[in-house]
Structures are given as C-alpha cells and as structure tokens.
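If you use our numbering, the sequence shown corresponds to residues 1 to 131, in order. All C-beta atoms in this analysis are idealised placements derived from N, C-alpha and C, irrespective of residue type, glycine included. Keep in mind that this is a model prediction, so the values were computed, not measured. Reading through the structure tokens given below for one structure.
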Amino acid sequence: MIILSGASSLSAFRRQKLLANLQRRVASITSVVAEYVHFAEVDGLLSNQDYVTLAALMAYGASEQKVPTEGALLLVLPRPGTISPWSSKATDIAHNCGLQNIVRVERGVAYYVQSDCELTEQQSGLLAELL
C-alpha cells in the first residue's frame, strides 16, 4: 500500500463553516483543517518512474495550500468493501498512464482538529459523526 498526501480538501469558506458547526457541538475546538489522502494498492513493486507518475496523478487542486498536520486526526474513508466512483475513475486513469501494477486507488479525507483541551472518546465520536 502506498499512501500519498494531497491538497487541502476545504476552501476557506467551507473550513470556517465546518469549524462553526463543530464548535456548536464541542466548544473547546479552536481549528479544523483537512487534506486529501490517497491510498494505492499495488501488485508488486513500482519502479521509480511509476512512483513519480502516480505521485503526479495524485497532485491536483491547490497543492500550494499545504495543510498543517497538528491536532487530533480523524480519517474519513469509503466504507470497507465498496469501490467509490472516484476510485474507479482514478484506477482507470492510472492504468491508462501505464501503471499496470496499480490494483486500486482510493481517496480519503484526513481532518485535523485542534482543541483547547484533549478530546474525549465521546467528543471524538461526535465529531466523526459530523464529518
């Protein structure tokens, strides 16, 4: 499995809206940011050139907006056993680019939530439901 970080998945407007919504539930939250995370299942090893090609395919969006990875991590992924439409298309594109060792590519979103105090399990569960 190859894991590649991506660009920010939230615009400034959406980030502020999400932060306000989360703060209504857990008042101690001070910030929230999110980035795309890509997971590539491979069959065998990728050559250096294949890895560069895969990394280039997963570099889209506002890459200059690197997300600070501080705070509690909440990772949102498609349900196990399902294949998202994004995954189907991304895997087809990878194969069309000559990446035949790629079995599947999937995308998730990593949310980083900062708080004035450590989040309890109950609070983390509540936040996970909102994301």
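What does the alpha-carbon distance come out to for the pair residue i and residue j?
i	j	result
E129	Q49	40 Å
T120	S28	11 Å
H95	I102	7 Å
C97	V76	27 Å
L148	Q16	Lying outside 1 to 131, the shown extent of the chain, residue 148 is not represented and no answer is given.
L45	L73	29 Å
V33	K89	26 Å
F39	S124	24 Å
I need the DSSP call for residue i, collapsed to helix, strand or coil.
i	result
V26	coil
L4	strand
Quick check on the DSSP output: what are the complete beta strand (DSSP E) runs of length 3 or more inside the stretch 58 to 130, in order along the chain?
Counting only runs of at least 3 residues, the stretch 58 to 130 fully encloses the following beta strand (DSSP E) elements, listed from N- to C-terminal order: 72 to 76 and 102 to 115.
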